[in-house]
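Here is the structure we will look at.
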Amino acid sequence: MRQLVSSGAPWEPIVGYSRAVRVGNVVEVAGTTAQDGAIITGLDAYNQAKRVLEKIGLALREAGADFEHVVRTRIYLTDITSWEAVGRAHGEVFGSIRPASTMLEVKALIDPRLLVEIEATAIIPE
């Protein structure tokens, strides 16, 4: 069974993606940013990361998972020097869960105001 989780963003049907997809006990959460419509939540990488993780949590719960089920995150930064701030936000959520994680710098995200994008993979115990 395939469960699609939508954020309701207008570009989901245009691009052809879902905020998250659950197949069996695996949940994949798409790259998530701090963009909420025309608004970007947070002017700095830490606050954007906090909003991103909040949105990931909502998607996980809608798919029947939670942060404790996350086994992997991928973090994309437009400025690698913000790694500590984003790492701190990530650690506030995943400090005791400690999923495998990758953090790397990218040239740009979809909107120049965006500083961080995060993906997550969760496996729900059977």
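Letter by letter, the sequence shown follows residues 12 to 137 in our numbering. All C-beta atoms in this analysis are idealised placements derived from N, C-alpha and C, irrespective of residue type, glycine included. From a predicted model like this one, the values you see are computed outputs, not experimental measurements.
Requested in this report: Given a cut-off of 9 Å, decide if residue 15 and residue 32 are closer than it, judged by their beta-carbon atoms.
Outcome: yes
Query raised in the report: In this structure, does DSSP put residue 69 in helix, strand or coil?
Result: helix
**Report entry** beta strand (DSSP E) runs wholly inside the stretch 24–56, at least 3 long, in chain order
**Finding:** 31–34 and 37–43
Report task. Just grab the DSSP bridge partners of residue 127 for me. Result -> 88
Query raised in the report: Using a Cβ-Cβ cut-off of 6 Å (strictly less than) and excluding sequence neighbours within five positions of residue 128, which residues of its own chain qualify?
Result: 42, 44, 87 and 120
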